[in-house]
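All remarks here apply to the structure that follows.
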DNA sequence: TAGACTAGGCGAATCGATTCGCTACGCGAA
DNA sequence: TTCGCGTAGCGAATCGATTCGCCTAGTCTA
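Residue numbers (our numbering), protein chains in the order written: chain X, 1 to 342; chain B, 343 to 684.
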């Protein structure tokens, strides 16, 4: 590989002059600049990023930690983040936390060892708060996605509570009183906020909470379709059901199929977050559409802002999503579905 | 941040001794080693990867270039590759080529500037062969995924021709003679191989090729459902159809819906590659299942092998996929679906 | 007991860039 | 003529690790 020394020799100037030409850090006469530039072209010189980083302390890389790269939702986030930081001249270093707090801490440390200039993290359920201290100690700015945790940190996510309240309200307006929620792991802040939205909607409407209709799980990412089957097989089965995530929606759909219930004839169904290719699935799901692309975009923007001004006030950005009115809620479009507040 | 110098001072030894303790590059007495190790722990020292890389010439990073991170198939690949290299102590640097040759070349250069130890590339359709020269010049091993291009390079992919031949053969065995292929951009080697499989199957069966049933496009990633609609609206419409990719399958499904054809009653349909959540889509698609996870895994393994032995013979690994016999082909399970040769 | 050899550790060069301070030169003013 | 000053460019220290060669004791052998 050719180095800056080779270029300097070719152009018959000193190493520092070549550096100044490349970075525009000092005035160089036109004539010298030309010589250097042609030398760079001819030798196809590209500066060694490691050497550059060692000296300057900046690597022009951004770390992104997600819990499962293969999940569709994260694919969208990765795509948007990559695009955002690439156009800003940065490069993406990706790590998978595998929905495990120990591994998350490890990969965060690895990214810090690689001296990323900043980090975007979608924390796991029982994330160790120490990771933020690690980043702070390394003076590495962090943006948290989706799952909100800690104060004094830039965050971007959706308004889970309001969105779920809208969905629940819709079923209530359609006359349902026994509404089940497949809530998932309420240890995850996202899912707990959604469960809160459900409870608040019931409360506002003066409806009682039937604890047997609230399906939560302590841990794990399963789709829980066995539990849902059990619930649906009982004599006092609910007249409506809400799934709190895309994965849980798939579990519910499996359960409906297995116990041979037809939606919306036998039970009304709405979901938080759509599922892929839902346009080909019958019935059309009434659901909240998670604005994943926007979240990725905003996260990249937020980090860029932070890198430009380390002392800016930390902010929390709530990206609005959209509600899709399908046929699965069984209201036949007669009951309006009100938008989530922005 | 604490550096190796701090540790050396704390342990009352020289810098080089600390280095030797960390890397096990020289024998150090137990007593000294202990002192150094406790000093490392107490100071929470982690070596500066940039400095380390500058000296050693290895960055412990692997570059991965895909054309669209948000596509499900690449999400799977990314996940497997990340896992593979993480367990090997490497870190993943991800770049998006956006299905554009110019951008692809740029990101490859960026990754080389960051001195990745190796690279895995899923090339774009009209990929510039120069990218391989760039890598060769930088002495950076490359593994090519899926789309095969060039010789003397490690490659991992599936046997597109054989898989497509099986699918086509299945429809022929079921009695079809007018079989359409939605082939997509045959400039992409993957898709051309699939088209070849279709043509070879027809040839083996002694059936003529109807060019109007072969829908190809010069460029782009669209799902082409308009073209498919046109084809289906003609009086002499085919009795069976094959879609050559997951995306094209979605286009076909849209077209069937829009022109109100029922599969398999009005037309038989099989697809190369399934679509997400297809278990909830009626009818069940008879299709070839792309072994994406295996491809990602193998790519990581292949690169590891190459890094261990730069002089090994370049190999091409063909990962076998599976065939799923659904109801969309309309044969009612009466006609056997023969496996792809491994 | 001298000489050879080993173990354990130290010092300094090195990787390839950035960046600060210095020099040499030319020009205008006093 | 001398002084001051701005401009263009050079030299060398520096970032934080790795690694090679050298040094010093201590041990073994003849």
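By construction, the Cβ of each residue, glycine as well, lies at the ideal position given by its N, Cα and C atoms.
These figures come from a predicted structure and were not determined experimentally.
Of the residues the options, the one placed nearest residue i, counting alpha carbons only
i, options, result
"residue 465/B", "480/B, 572/B, 510/B, 416/B", "416/B"
"residue 453/B", "50/X, 32/X, 245/X, 36/X", "50/X"
"residue 183/X", "251/X, 134/X, 159/X", "251/X"
"residue 155/X", "195/X, 327/X, 296/X, 308/X", "296/X"
"residue 321/X", "88/X, 189/X, 12/X, 157/X", "157/X"
"residue 382/B", "649/B, 398/B, 364/B, 633/B", "364/B"
"residue 438/B", "451/B, 426/B, 659/B", "451/B"
"residue 489/B", "678/B, 357/B, 660/B", "660/B"
"residue 177/X", "303/X, 200/X, 135/X, 209/X", "209/X"
"residue 288/X", "309/X, 240/X, 324/X, 308/X", "324/X"
"residue 100/X", "267/X, 47/X, 67/X", "67/X"
"residue 547/B", "536/B, 502/B, 507/B, 559/B", "507/B"
"residue 399/B", "1/X, 84/X, 78/X", "1/X"
"residue 509/B", "421/B, 571/B, 616/B", "616/B"
"residue 504/B", "531/B, 543/B, 486/B", "543/B"
"residue 534/B", "517/B, 396/B, 586/B", "586/B"
"residue 401/B", "467/B, 458/B, 575/B", "458/B"
"residue 495/B", "603/B, 655/B, 606/B, 568/B", "655/B"
"residue 611/B", "633/B, 512/B, 351/B", "512/B"
"residue 306/X", "143/X, 106/X, 12/X", "143/X"
Neighbour-count burial assignment, residue i, 16 or more Cβ in a 10 Å radius
i, result
"residue 406/B", "buried"
"residue 676/B", "exposed"
"residue 236/X", "exposed"
"residue 386/B", "exposed"
"residue 461/B", "buried"
"residue 684/B", "Low confidence applies here, because residue 684/B scores a pLDDT of 47, under 50, leaving its location unreliable and the question unanswered by this model."
"residue 493/B", "exposed"
"residue 471/B", "exposed"
"residue 249/X", "buried"
"residue 371/B", "exposed"
"residue 238/X", "buried"
"residue 421/B", "buried"
"residue 527/B", "buried"
"residue 127/X", "buried"
"residue 652/B", "exposed"
"residue 356/B", "exposed"
"residue 76/X", "buried"
For residue i, the residue or residues it bridges with in DSSP
i, result
"residue 630/B", "614/B, 665/B"
"residue 61/X", "91/X"
"residue 255/X", "BP columns for residue 255/X are empty, so no partner."
"residue 556/B", "523/B"
"residue 316/X", "155/X"
"residue 96/X", "66/X"
"residue 120/X", "64/X, 143/X"
Minimum Cβ-Cβ distance from residue i to chain B less than 8 Å
i, result
"residue 75/X", "yes"
"residue 49/X", "yes"
"residue 10/X", "no"
"residue 92/X", "yes"
"residue 78/X", "yes"
"residue 59/X", "yes"
"residue 119/X", "no"
"residue 82/X", "yes"
"residue 1/X", "yes"
Proximity test, residue i beta-carbon vs the ligand MG heavy atom, cut-off 7 Å
i, result
"residue 242/X", "In the structure on display, the ligand MG does not appear, and there are no ligands present to speak of."
Below-8 Å beta-carbon distance, residue i vs any chain X residue
i, result
"residue 684/B", "With a pLDDT of 47 at residue 684/B, under the threshold of 50, the predicted position of this residue should be treated as unreliable, and no value is reported."
"residue 414/B", "yes"
"residue 484/B", "no"
"residue 516/B", "no"
"residue 438/B", "yes"
"residue 451/B", "yes"
"residue 396/B", "yes"
"residue 456/B", "yes"
Residues, ordered as in the chain, of the segment 275 to 288 of chain X that lie near chain B by beta-carbon distance below 9 Å:
275, 276, 277, 278, 279, 280, 281, 282
Proximal residues, the segment 563 to 586 of chain B versus chain X, C-beta separation under 8 Å:
none
Which residues, in order along the segment 585 to 604 of chain B, keep a beta-carbon less than 9 Å from a beta-carbon of chain X?
The segment 585 to 604 of chain B vs chain X, Cβ under 9 Å: 592, 595, 596, 599.
Anything in the segment 11 to 27 of chain X with a Cβ closer than 9 Å to a Cβ of chain B? List those residues in chain order, please.
Flagged: no residues at all.
Pull out every residue of the segment 462 to 479 of chain B whose Cβ sits closer than 7 Å to any Cβ of chain X, in chain order.
none
When you check each C-beta in the segment 379 to 390 of chain B against every C-beta of chain X, which residues fall closer than 9 Å?
Residues passing the 9 Å Cβ filter: 386, 388, 389, 390.
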